[in-house]
Structures are given as structure tokens and as C-alpha cells.
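Its first residue numbered 1, the sequence shown is counted upward by one per residue in the working numbering. Even for Gly, the Cβ is constructed at its ideal location relative to N, Cα and C. Down below is the structure, laid out as C-alpha cells.
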Amino acid sequence: MTARIIDGKAVAAELRRAIAARVAALPFKPGLRVVRVGDDPASGVYVRNKDKAAQEVGFDSATVHLAAETTEADLLAVVARLNADPAVDGILVQLPLPRQIRADVVISAVAPEKDVDGFHPLNAGRLASGQKGLVPCTPKGVMHLLRAAGASLPGARAVVLGRSTIVGRPMAQLLLAADCTVTIAHSRTRDLAAECRRAEILVAAVGRPEMVPGDWVAEDATVIDVGINRLPDGRLVGDVDFAGAARRAAAITPVPGGVGPMTIACLLENTLDAALARRGA
Ligand code: NDP
Numbered sequence: 001m002t003a004r005i006i007d008g009k010a011v012a013a014e015l016r017r018a019i020a021a022r023v024a025a026l027p028f029k030p031g032l033r034v035v036r037v038g039d040d041p042a043s044g045v046y047v048r049n050k051d052k053a054a055q056e057v058g059f060d061s062a063t064v065h066l067a068a069e070t071t072e073a074d075l076l077a078v079v080a081r082l083n084a085d086p087a088v089d090g091i092l093v094q095l096p097l098p099r100q101i102r103a104d105v106v107i108s109a110v111a112p113e114k115d116v117d118g119f120h121p122l123n124a125g126r127l128a129s130g131q132k133g134l135v136p137c138t139p140k141g142v143m144h145l146l147r148a149a150g151a152s153l154p155g156a157r158a159v160v161l162g163r164s165t166i167v168g169r170p171m172a173q174l175l176l177a178a179d180c181t182v183t184i185a186h187s188r189t190r191d192l193a194a195e196c197r198r199a200e201i202l203v204a205a206v207g208r209p210e211m212v213p214g215d216w217v218a219e220d221a222t223v224i225d226v227g228i229n230r231l232p233d234g235r236l237v238g239d240v241d242f243a244g245a246a247r248r249a250a251a252i253t254p255v256p257g258g259v260g261p262m263t264i265a266c267l268l269e270n271t272l273d274a275a276l277a278r279r280g281a
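Laid out in C-alpha cells, this is it:
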């Protein structure tokens, strides 16, 4: 069979339209501040895209750009100021941070109710214990895509490749909360191929170009490729061999145009949720 392509751009555009309509009906503008430290060009692109998307849905959005030599204490002071600012509903500190700054210390300093990245340990704990909280944007976007693809989740065998705190682990928690039977595979997993072949839902978040060959994909599986890898020739590919997997899967996300656009859309959704919760709207 040939898989249906799950169009992340279209699903993200729809979500952004819905957010813009909800914002237009509010008596206030949700406030988002994206903090960038240093001049890493990739971070610059991400930050600009987030700011632009936030403006487009009607948020009060701004970037706080700090010098590469900013100290951890200075960054913590900026975070404290944003935590205390009533006009700010969401704070996102763009990673990676320069070497002199401990990311975990900064992440833990963001007020949990403004933690629109969903990385604060309190929000991670809420997710793990089934409580309401802010959820990391990329795995949240994957759940939107699975629903848009009509994947049947309760009881499904889901395999997540990767166990990072920003993608793999929260992904597994969300699938578990949706009643999937979840396996988390990683670099120490003994037989990755066998684990993948059992998956009705396969989410790859490893960061290795096309490491999942088509014959690791079960017939009729739904495949979500989170990986974004640039090849030496400049092409962007995922963690899954798209052509091989598409011959067996029922549905699959492309790279680019799959999970990527959902991450920013879910950042907007988290910011709106944070604004409504904080302001009791
Ligand atoms: P990390 O490097 O933090 O985690 C990678 C995970 O993959 C680890 O758990 C690691 O296992 C596992 N892994 C590495 N090599 C292998 C292997 N050979 N076999 C099995 N597992 C392996 O990456 P992230 O989670 O941050 O990101 C993963 C990918 O997703 C990247 O390509 C990244 O660019 C992309 N990404 C895309 C986003 C989007 O918006 N679409 C957003 C965020 C990330 P172990 O723990 O054992 O080391």
C-alpha cells in the first residue's frame, strides 16, 4: 500500500486559525516573551518564527535578546522580571544556552504557570502523574497529528524511539494518557527492529538521518517522524526512510512539513491556555 501523508502544515494552519479566532474574542492580548541568549543562527531563526507566529494570532509578543556573555545570574534576573510581569503569560527561553549557563537551573526558574515550553520539572511531574499542566510543544503537536490522521489510540501498541525530556518521555506520557500500550526505545534497546515492527503507532525522535528503514515499519502502522536532520547535500530528512516506510504504513508524516509546523502552533496554544488560566478567563 501507499501511505496517506499527514499534512502537518495544514493541521498547524487550522490550529493557528482557531487560536487567532479565540484571541480576537478576548478582552486582552496574551503576552509571550521569547528569551534568546547569544547569536546562534539556528536559534535566531526559531525565535523569529515564534515571534512572527505569535504576532499573527494577535498576541502581545516580543523577543528579549541578551548578549552571548550574559551570566546565569543576569539571565535569572530577566526570568524573575518576566515572572513578575502581569502582562506576560508565557516565557520561553530558547535552547541551547551558552556554556556558562545551566539550562536546568534556568528552566526551573520560570514560573510553572508561564512555562509554555512545558519543560519545568513541576509540569513534567504533572504530566507523569496525569494532572493538568503545560505540556511540551512537540509531543503535544504529535497528538494533534495522530488525531487528525484518525489513528485509533486506545489499546494501540505505540513505540516511541528516543527518551529525551523534551520529546521522547513526554511523548510516551501523552500516548499512555490516551490509553496506548507504550514502549520507549533508546540507544540501549537490544532489538530496535523487533520493537518497531510491533508498533501500530511509531514515533521516531532520535536525530539520526533515516535510521528507521522501511522494513522496520509494520503494515498499516501510523508513523510520526519527529527527526529533523540536515544531510551534507543540504537536504532535510527525518529519522525514518520516508519512501520505504510509506510503502508499508497506513499514514506517515513528511519531513519537512510534518511535526515541525505543529511545534510552533502548540506553543501558541500553550500560551493561550496559560493566559486563560492565569487571568481566570
Ligand atoms: P536527543 O538527542 O535529546 O535524544 C535523542 C534520543 O534518541 C535519546 O533518547 C537517544 O537515546 C536516542 N538515540 C540516539 N541514537 C539512537 C540509536 N542509534 N538507536 C536508538 N535510539 C537512539 O534529541 P531530541 O529528543 O531533542 O530530538 C530528537 C530529534 O527530533 C532531533 O532530530 C531533533 O532535531 C528533532 N526535533 C524536532 C522538533 C520539531 O519541531 N519537529 C522539536 C524537537 C526535536 P539515549 O537516551 O539512550 O542516549
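- Per DSSP, A204 is not a residue of any alpha helix (DSSP H); the beta strand (DSSP E) it occupies stretches across I201 to A204.
- For G168, the enclosing alpha helix (DSSP H) covers residues G168 to A177.
- Taking all protein chains shown into account, K114 has 16 or more neighbouring C-beta atoms within 10 Å of its C-beta and is therefore buried.
- Three or more beta-carbon pairs drawn from the stretch 14 to 28 and the stretch 262 to 275 are found closer than 8 Å, and the two stretches are therefore classed as touching.
- With respect to the 8 Å criterion, V240 and V223 are classified as neighbours on the basis of their beta carbons.
- According to the DSSP assignment, I264 belongs to the alpha helix (DSSP H) that extends over G260 to R279.
- Two segments are said to touch when three or more pairs of C-beta atoms, one from each, lie closer than 8 Å; by this definition the stretch 127 to 143 does not touch the stretch 66 to 79.
- Those residues whose C-beta sits under 7 Å from the nearest heavy atom of the ligand NDP are, from N- to C-terminal order along the chain, T138, L161, G162, R163, S164, I166, V167, G168, A185, H186, S187, R188, T189, L192, A205, V206, G207, R208, M211, V226, G227, I228, N229, D239, V259, G260 and T263.
- Distance from the Cα of A275 is smallest, within the candidate group P98, A111, D7 and V93, for A111.
- Per the coordinates, the alpha-carbon of T183 lies some 44 Å from the alpha-carbon of P27.
- Between the stretch 31 to 51 and the stretch 86 to 96, the count of C-beta pairs closer than 8 Å reaches three or more; the two stretches touch.
- The closest CA to that of Q100, considering only T71, G214, R126 and A87, is found on T71.
- G244 and V11 have their alpha carbons spaced roughly 24 Å apart.
- Going by DSSP, A243 is part of the alpha helix (DSSP H) stretching over F242 to A246.
- For the set D220, G141, A221 and A20, the Cα lying nearest the Cα of G258 is the one of G141.
- Residue environment analysis places R248 among the buried positions, since at least 16 neighbouring C-beta atoms fall within 10 angstroms of its C-beta.
- 8 Å or more divides the Cβ of G150 from the Cβ of T181.
- According to DSSP, residue pairing for V159 in a beta bridge involves T183 and L202.
- Rounded to the nearest angstrom, the Cβ distance from R22 to L272 is 6 Å, consistent with a contact under 8 Å.
- The beta carbon of T189 is closer than 8 Å to those of E195 in its chain, skipping five residues each way along the sequence.
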